[in-house]
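Below: one structure, written as structure tokens.
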Amino acid sequence: MGTSDAKRTILVTVSGPDKPGVTSSLMGALASVNVDLLDVEQVVIHNHLTLGVLVSTDGSAAAVLDAVDGPMRRRGMAVELAVDATGHARALSTHAVVILGQPVSAESFEAVASAIAARGGNIDSIRGVADYPLTGLELMVSVRDTADADGALRKALVGVAATYPIDVAVERGGLARRAKRVIVFDVDSTLIQGEVIEMLAAEAGRESEVAAVTEAAMRGELDFAESLHERVKALAGLDASVIDRVAGSLELTPGARTTIRTLHRLGFHCGVVSGGFRQVIDPLAGELDLDFVRANTLEIVDGVLTGRVIGEVVDRPGKARALAAFAEQVGVPMEQTVAVGDGANDIDMLTAAGLGIAFNAKPALREVADTTLDYPYLDAVLFMLGVTRNEVEAADSRDGVLRRVPLDG
332 MGTSDAKRTI LVTVSGPDKP GVTSSLMGAL ASVNVDLLDV EQVVIHNHLT
382 LGVLVSTDGS AAAVLDAVDG PMRRRGMAVE LAVDATGHAR ALSTHAVVIL
432 GQPVSAESFE AVASAIAARG GNIDSIRGVA DYPLTGLELM VSVRDTADAD
482 GALRKALVGV AATYPIDVAV ERGGLARRAK RVIVFDVDST LIQGEVIEML
532 AAEAGRESEV AAVTEAAMRG ELDFAESLHE RVKALAGLDA SVIDRVAGSL
582 ELTPGARTTI RTLHRLGFHC GVVSGGFRQV IDPLAGELDL DFVRANTLEI
632 VDGVLTGRVI GEVVDRPGKA RALAAFAEQV GVPMEQTVAV GDGANDIDML
682 TAAGLGIAFN AKPALREVAD TTLDYPYLDA VLFMLGVTRN EVEAADSRDG
732 VLRRVPLDG
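Sequence positions in the sequence shown follow this note's numbering and run 332 to 740.
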């Protein structure tokens with residue numbers, strides 16, 4: 332072999348129907364001309380394979396083409412060569428961008444790609460992360476690392492998501508993205524459908540007035556702690572048996588079981604932090620095998636609700652404190668935490684987390700969250716974290732779990 336100064340890089344690309352033996356045959360052909368591998372990438376879309384191999388050689392491009400052309404053609408594959416004397420292996424992408432939609436149109440994707448390019452970004456790779464219940468695409472992107480690179484890219488893509496019927500998430504790439512280990516969910520209208528306090532108030536015939544106060548509090552128009560005390564007054568005199576009835580009637584958000592089950596497999600510590608009530612939430616937390624629960628406690632005297640809560644109120648700042656306590660309890664730094672919620676009382680918790688996800692959220696929370704999800708499937712959180720639908724289904728099938736059951740909770 333000659334000196335490294337004499338070497339050139341050659342990108343060998345083969346494409347055609349996916350079938351066994353293509354990669355091994357290509358590598359065998361390249362071995363015959365004694366090249367060094369610099370990078371390999373393979374993509375299969377609907378059984379069509381595209382395989383790119385970047386090699387370094389002090390031989391000629393013609394020799395490389397002669398070596399690979401025959402074996403590849405015999406397997407029905409087309410071959411292309413690109414010679415670049417200054418080429419090099421791809422650098423680590425700086426950001427991950429996830430697009431979710433029903434569907435993701437070419438028009439909306441073009442808008443995302445244009446926004447990335449307008450900020451000097453390059454799309455390094457694209458892969459599908461989901462085809463059900465949403466279409467999900469993950470883009471690994473490289474942008475010039477400036478002090479405001481994260482904010483500028485996120486702001487641009489939030490604007491695209493506001494224009495088209497898609498959700499877009501932006502995260503730093505590399506190890507930081509895969510280091511998340513704690514996740515907490517709000518309960519009402521996030522982990523479950525509906526608001527527990529309204530369900531309890533319905534037992535007292537006062538659901539509509541309590542719902543109006545709840546809605547104002549979630550929009551950030553009322554102090555949460557004050558609104559909580561006001562709403563709980565409506566429960567005074569109810570028999571404590573209503574708690575069990577309401578707890579038994581809770582409906583999980585579609586995809587919730589899948590989400591918690593998958594996160595546990597990935598090594599996440601999973602918890603809930605709620606402005607609702609422990610007596611209602613605890614049975615659900617046990618069923619889902621959650622690691623952490625923080626919520627308010629209803630006062631019960633002689634089997635009757637007094638219309639008061641006892642202990643520290645879990646309000647907006649209390650939720651952030653609970654997340655920090657959970658992270659400290661399991662020895663995880665805050666940048667490795669994720670928080671998911673829907674209302675204004677989740678603002679502090681989401682901004683404190685390493686990644687804050689607004690789930691079908693009120694405007695006040697959407698403005699501060701790292702990303703938003705506007706589809707009613709909680710397992711979309713997994714796609715935002717880079718977990719693919721195929722990975723979820725493969726793990727479930729190994730455990731004997733029935734696959735593709737819609738609205739599995």
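Glycine included, each C-beta is placed from N, C-alpha and C at the ideal position. As the structure is a computational prediction, the values presented were derived from the model and not from experiment.
Assuming residue i and residue j are in contact, meaning their beta carbons sit under 8 Å apart, how far apart are those beta carbons, in whole angstroms?
i                 : j              : result
valine 429        : glutamate 372  : Actually they are not in contact, since the Cβ atoms of valine 429 and glutamate 372 sit about 19 Å apart, beyond 8 Å.
proline 585       : proline 707    : 6 Å
valine 472        : threonine 425  : 7 Å
serine 456        : aspartate 519  : Rounded, the Cβ-Cβ distance is 38 Å, inconsistent with contact.
phenylalanine 516 : valine 671     : 5 Å
leucine 412       : leucine 465    : About 38 Å separates the two Cβ atoms, so there is no contact after all.
leucine 636       : alanine 567    : 6 Å
valine 611        : valine 577     : 6 Å
threonine 589     : aspartate 710  : 5 Å
aspartate 705     : aspartate 462  : Aspartate 705 to aspartate 462, Cβ: 19 Å. No contact.
alanine 695       : glycine 551    : 4 Å
leucine 581       : isoleucine 631 : About 19 Å; that fails the 8 Å criterion.
isoleucine 454    : alanine 444    : 6 Å
alanine 483       : arginine 450   : 6 Å
Using a 10 Å radius around the Cβ and a threshold of 16 neighbouring Cβ atoms, would you call residue i buried or exposed?
i              : result
alanine 656    : exposed
alanine 416    : The pLDDT assigned to alanine 416 is 46, lower than 50, so where the model puts this residue is not dependable, and the model offers no usable value.
proline 664    : exposed
glutamine 660  : exposed
arginine 592   : buried
aspartate 727  : buried
asparagine 721 : exposed
glycine 602    : buried
leucine 368    : exposed
arginine 405   : exposed
aspartate 397  : exposed
lysine 375     : As written in the sequence, residue 375 is valine, which differs from the lysine given in the question. The residue in question, valine 375, is exposed, as its Cβ has fewer than 16 Cβ neighbours within 10 Å.
asparagine 627 : buried
aspartate 701  : buried
glycine 617    : exposed
histidine 377  : exposed
valine 641     : In the sequence as presented, valine is not what sits at residue 641; that position holds isoleucine. So isoleucine 641 ends up on the exposed side.
arginine 625   : buried
proline 348    : exposed
arginine 647   : buried
glycine 407    : exposed
Residue i to residue j, Cα distance in whole Å?
i              : j              : result
alanine 500    : valine 718     : 14 Å
isoleucine 514 : isoleucine 688 : 11 Å
alanine 547    : leucine 553    : 6 Å
valine 366     : alanine 427    : 32 Å
proline 737    : alanine 587    : Caution applies to proline 737, whose pLDDT of 37 falls short of 50 and renders its modelled position unreliable; the value that the coordinates give is listed next. In a straight line, the C-alpha of proline 737 is about 12 Å away from that of alanine 587.
valine 527     : leucine 569    : 15 Å
leucine 713    : arginine 596   : 12 Å
alanine 394    : valine 364     : 7 Å
serine 439     : alanine 446    : 11 Å
valine 491     : valine 699     : 17 Å
threonine 703  : aspartate 677  : 13 Å
aspartate 673  : alanine 692    : 4 Å
serine 387     : glycine 359    : 16 Å
aspartate 679  : proline 351    : 52 Å
glutamate 327  : serine 558     : Residue 327 is absent from the structure shown; the chain starts at 332 and stops at 740.
glycine 638    : glycine 649    : 21 Å
leucine 619    : valine 410     : 51 Å
leucine 488    : aspartate 479  : 14 Å
aspartate 400  : valine 669     : 49 Å
arginine 485   : alanine 684    : 17 Å
glycine 418    : threonine 340  : Caution is warranted here: a pLDDT of 49 is assigned to glycine 418, below 50, making its placement in the model unreliable, and no coordinate value can be reported.
leucine 621    : proline 496    : 33 Å
What does DSSP give as the partner residues of residue i in its beta bridges?
i                 : result
serine 456        : Met471
isoleucine 341    : Val386, Val414
glutamate 557     : The partner list for glutamate 557 (beta bridge, DSSP) is empty, contrary to what the question assumes.
isoleucine 688    : Val671, Thr702
phenylalanine 608 : Asn627
aspartate 481     : Paired residue(s): none; aspartate 481 is not in a bridge.
glutamine 373     : Leu382
leucine 636       : Ile631
alanine 409       : Ser346
glycine 432       : Thr466, Ile497
arginine 503      : His426
alanine 461       : Gly467
phenylalanine 516 : Val603, Val671
leucine 583       : Ile523
isoleucine 528    : Isoleucine 528 pairs with nothing; no bridge assigned.
isoleucine 641    : Thr628
leucine 368       : Val386
aspartate 476     : Looking at the DSSP assignment, aspartate 476 forms no beta bridge with any residue, so it has no partner.
Quiz item: Do the region 560-573 and the region 528-540 touch if we need at least three Cβ pairs shorter than 8 Å?
Solution: yes
Self-check item: Three-pair Cβ contact test at 8 Å for the region 503-523 versus the region 429-444
Solution: Contact between the region 503-523 and the region 429-444 is absent, because fewer than three Cβ pairs lie under 8 Å.
Quiz item: Between the region 381-389 and the region 339-349, do three or more beta carbon pairs fall short of 8 Å?
Solution: With contact defined as three or more Cβ pairs closer than 8 Å, the region 381-389 and the region 339-349 are in contact.
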